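Worksheet: one structure, shown below.
There are 2 protein chains.
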Amino acid sequence: MKLSKRGEYALRSLINLGIASKVGRPLVRVTELAKAEELPVKFLEQVMQQLREAGFVKSERGKHGGYRLAKPPEAVRIGEVVRLIDGPLAPIGCVSQTAYEPCNCPDEAHCGLRMLMLDVRNAIAAILDRYTLADVVEVTTRKMTRDGIPLPFSAESPPSAIRRAREARKGAASSSPAEGVIHQILGDYAI
Amino acid sequence: MKLSKRGEYALRSLINLGIASKVGRPLVRVTELAKAEELPVKFLEQVMQQLREAGFVKSERGKHGGYRLAKPPEAVRIGEVVRLIDGPLAPIGCVSQTAYEPCNCPDEAHCGLRMLMLDVRNAIAAILDRYTLADVVEVTTRKMTRDGIPLPFSAESPPSAIRRAREARKGAASSSPAEGVIHQILGDYAI
DNA sequence: TTTAAATCCCACTAAGTCAATGTAGTTTCA
DNA sequence: TGAAACTACATTGACTTAGTGGGATTTAAA
Chain L
7 MKLSKRGEYA LRSLINLGIA SKVGRPLVRV TELAKAEELP VKFLEQVMQQ LREAGFVKSE
67 RGKHGGYRLA KPPEAVRIGE VVRLIDGPLA PIGCVSQTAY EPCNCPDEAH CGLRMLMLDV
127 RNAIAAILDR YTLADVVEVT TRKMTRDGIP LPFSAESPPS AIRRAREARK GAASSSPAEG
187 VIHQILGDYA I
Chain H
7 MKLSKRGEYA LRSLINLGIA SKVGRPLVRV TELAKAEELP VKFLEQVMQQ LREAGFVKSE
67 RGKHGGYRLA KPPEAVRIGE VVRLIDGPLA PIGCVSQTAY EPCNCPDEAH CGLRMLMLDV
127 RNAIAAILDR YTLADVVEVT TRKMTRDGIP LPFSAESPPS AIRRAREARK GAASSSPAEG
187 VIHQILGDYA I
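Those sequence lines, one after another, are chains L and H.
Under our numbering, the first residue of the first sequence carries the number 7, and numbering increases by one thereafter.
Under our numbering, the first residue of the second sequence carries the number 7, and numbering increases by one thereafter.
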């Protein structure tokens with residue numbers, strides 16, 4: 007049930023672009039994005055082009071160019087990005103909601119594997135289609151701020167960014183363990 | 007988040023061996039297993055050998071040979087099988103519980119992607135490590151029986167097998183939609 | 001004892017994916 | 001004009017996936 011490296015790099019870069027945007031420096035060079043997560047630059051270039059073609063980021067060419075988010079991070083569901091890069095979320099084609107393909111089992115309606123994998127697909131989609139890029143950025147920055155770690159990509163002096171981030175509510179309400187890590191940290195912000 | 011064909015075929019065959027065992031004909035030839043789901047015979051041979059080496063099935067050689075389950079289906083968690091064939095359930099290595107690998111991000115503790123993928127891993131594991139082969143077999147046979155479809159691999163006349171299966175309880179209790187398809191069909195049998 | 005039927009074992013391949021790398025070109029700004 | 005950055009395209013090597021093929025071995029039955 008792997009996420010490909012492409013997918014991982016795409017998500018990492020989008021999250022970093024979200025942080026950069028929040029910090030007031032939305033335009034980031036590929037080399038910076040690569041450096042932040044130790045990714046191979048040329049490979050990341052390809053991934054960023056794919057994100058650009060799909061409308062998730064915009065590029066600016068020439069000196070002082072770079073990439074920025076093309077939409078507000080609230081409008082980007084993580085599931086969308088994963089589907090673009092890695093294809094359907096479903097473990098097998100016959101339970102995909104967005105790209106259904108029949109399997110060759112004799113009777114889909116009475117296929118135990120299908121029922122099981124449908125549950126898995128729904129569990130995955132419930133997370134990846136629920137949370138947006140904004141949620142993940144919020145979780146990341148909140149946790150860093152809480153622990154006194156300066157946010158990356160701050161062009162201005164970090165303190166201002168930290169202070170700004172600190173305005174956000176703090177106390178993470180404890181909730182059902184079934185709700186997951188993200189939900190716990192987002193607390194009452196979730197949904 | 008794909009399940010490989012190997013993994014799919016392995017699970018399909020184990021489920022079929024479980025049904026065959028339930029129906030009183032536990033020993034099944036590879037050609038039969040392949041025919042039941044239209045799988046390539048020689049490829050399935052390899053998969054079955056892998057399952058044998060891992061102790062999930064036992065083989066009998068020679069004429070009238072075949073494969074049978076090596077353990078009671080209650081003792082086989084689906085997650086085990088998937089891990090054997092496809093590796094860890096986790097989408098990325100740094101959230102795997104059974105095969106953790108560090109990623110190269112600067113700070114795992116404050117990595118939003120990691121928190122998100124940890125939730126995904128837990129959601130997948132909550133299903134695949136919760137249900138056993140017996141659960142999936144039960145769901146399949148119960149649904150087939152309810153719909154009057156004869157179970158496969160019946161050597162004896164199908165009616166007897168159907169009658170026997172019909173002894174089992176019927177009414178599937180409706181439960182929280184978050185619990186998933188399998189849980190709903192298993193009803194009060196679950197856990 | 002031979003033969004048929006099954007698993008077992010090993011090698012191989014064709015296609016695709018992954019993770020880059022290389023090279024050249026284009027745009028923009030100083 | 002030149003440096004810095006993105007853009008485009010081609011290629012590559014390693015690896016994985018999904019199979020295929022050919023026997024060797026084992027067992028049961030004729």
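We put the CB at the ideal spot given by N, CA and C, even for glycine.
Since the model is a prediction, treat every value here as computed from it, not as a measurement.
State the Cα-Cα distance for the pair residue i and residue j, rounded to the nearest angstrom.
{"i": "Ala-105/H", "j": "Gly-68/L", "result": "44 Å"}
{"i": "Ile-98/L", "j": "Leu-9/H", "result": "6 Å"}
{"i": "His-189/H", "j": "Glu-185/L", "result": "18 Å"}
{"i": "Ala-115/H", "j": "Leu-23/H", "result": "44 Å"}
{"i": "Glu-66/L", "j": "Lys-77/L", "result": "15 Å"}
{"i": "Ile-25/L", "j": "Phe-159/L", "result": "8 Å"}
{"i": "Leu-119/H", "j": "Gly-93/L", "result": "18 Å"}
{"i": "Gly-13/H", "j": "Thr-151/L", "result": "43 Å"}
{"i": "Val-82/L", "j": "Thr-138/L", "result": "5 Å"}
{"i": "Ala-42/H", "j": "Cys-100/H", "result": "38 Å"}
{"i": "Gln-103/H", "j": "Lys-11/L", "result": "19 Å"}
{"i": "Cys-117/H", "j": "His-70/H", "result": "56 Å"}
{"i": "Val-142/L", "j": "Val-142/H", "result": "35 Å"}
{"i": "Leu-17/H", "j": "Val-34/L", "result": "46 Å"}
{"i": "Glu-44/L", "j": "Met-7/H", "result": "24 Å"}
{"i": "Val-187/L", "j": "Met-121/H", "result": "6 Å"}
{"i": "Gln-52/H", "j": "Arg-136/H", "result": "27 Å"}
Count the other C-beta atoms from every protein chain shown that fall within 10 angstroms of the C-beta of residue i, then say buried if there are 16 or more, exposed otherwise.
{"i": "Lys-48/L", "result": "exposed"}
{"i": "Thr-37/L", "result": "exposed"}
{"i": "Asp-125/L", "result": "buried"}
{"i": "Gly-154/H", "result": "exposed"}
{"i": "Leu-20/L", "result": "buried"}
{"i": "Asp-198/L", "result": "Nothing in the structure corresponds to residue 198/L, since chain L is present only between 7 and 197."}
{"i": "Pro-79/H", "result": "buried"}
Is residue i helix, strand or coil when you go by DSSP?
{"i": "Thr-104/L", "result": "coil"}
{"i": "Val-34/H", "result": "strand"}
{"i": "Val-29/L", "result": "coil"}
{"i": "Asp-92/L", "result": "helix"}
{"i": "Met-150/H", "result": "helix"}
{"i": "Ile-155/L", "result": "coil"}
{"i": "Ser-19/H", "result": "helix"}
{"i": "Lys-8/L", "result": "coil"}
{"i": "Leu-192/L", "result": "helix"}
{"i": "Glu-144/L", "result": "helix"}
{"i": "Glu-86/H", "result": "helix"}
{"i": "Leu-45/H", "result": "coil"}
Can you find the residues in the same chain that come closer than 7 Å, C-beta to C-beta, to residue i, ignoring five residues on each side of it along the sequence?
{"i": "Leu-95/H", "result": "Gly-85, Val-88, Arg-89, Arg-127, Ile-130, Ala-131, Leu-134"}
{"i": "Met-54/H", "result": "Ser-19, Val-36, Val-63, Tyr-73"}
Kindly list the residues whose CB is nearer than 8 Å to the CB of residue i, restricted to its own chain and excluding five residues on each side of it in sequence; keep chain order.
{"i": "Ile-191/L", "result": "Val-145, Arg-148, Lys-149, Ala-178"}
{"i": "Gly-61/L", "result": "Ala-76, Lys-77"}
{"i": "Pro-32/L", "result": "Leu-23, Ala-26, Arg-74, Leu-75"}
{"i": "Leu-50/L", "result": "Tyr-15, Ser-19, Val-36, Leu-39, Ala-40"}
{"i": "Pro-46/H", "result": "Ala-40"}
Once the 5 residues before and after residue i are set aside, which same chain residues still bring their CB inside 6 Å of it?
{"i": "Val-29/H", "result": "Leu-157, Phe-159, Ser-160, Ala-167"}
{"i": "Arg-58/L", "result": "Ser-65"}
{"i": "Ala-140/H", "result": "Pro-79, Glu-80"}
{"i": "Ile-91/L", "result": "Arg-12, Gly-13, Ala-16"}
{"i": "Glu-111/H", "result": "In the sequence as displayed, the identity of residue 111/H is Cys instead of Glu. So the list reads Cys-117, once near-sequence residues are dropped."}
{"i": "Cys-109/H", "result": "Cys-100"}
{"i": "Met-123/L", "result": "Pro-97, Ile-98, Val-101"}
{"i": "Glu-107/L", "result": "Gly-99"}
{"i": "Gln-56/H", "result": "none"}
Query - beta strand (DSSP E) runs wholly inside the segment 47-82 of chain L, at least 3 long, in chain order - result: Secondary structure within the segment 47-82 of chain L: the beta strand (DSSP E) runs of 3 or more consecutive residues, fully enclosed, are 63-66, 72-75 (chain order).
Query - Those runs of the beta strand (DSSP E) which lie wholly inside the segment 94-140 of chain L and span at least 3 residues - result: Annotation: the segment 94-140 of chain L contains no complete segment of the beta strand (DSSP E) (minimum length 3 residues).
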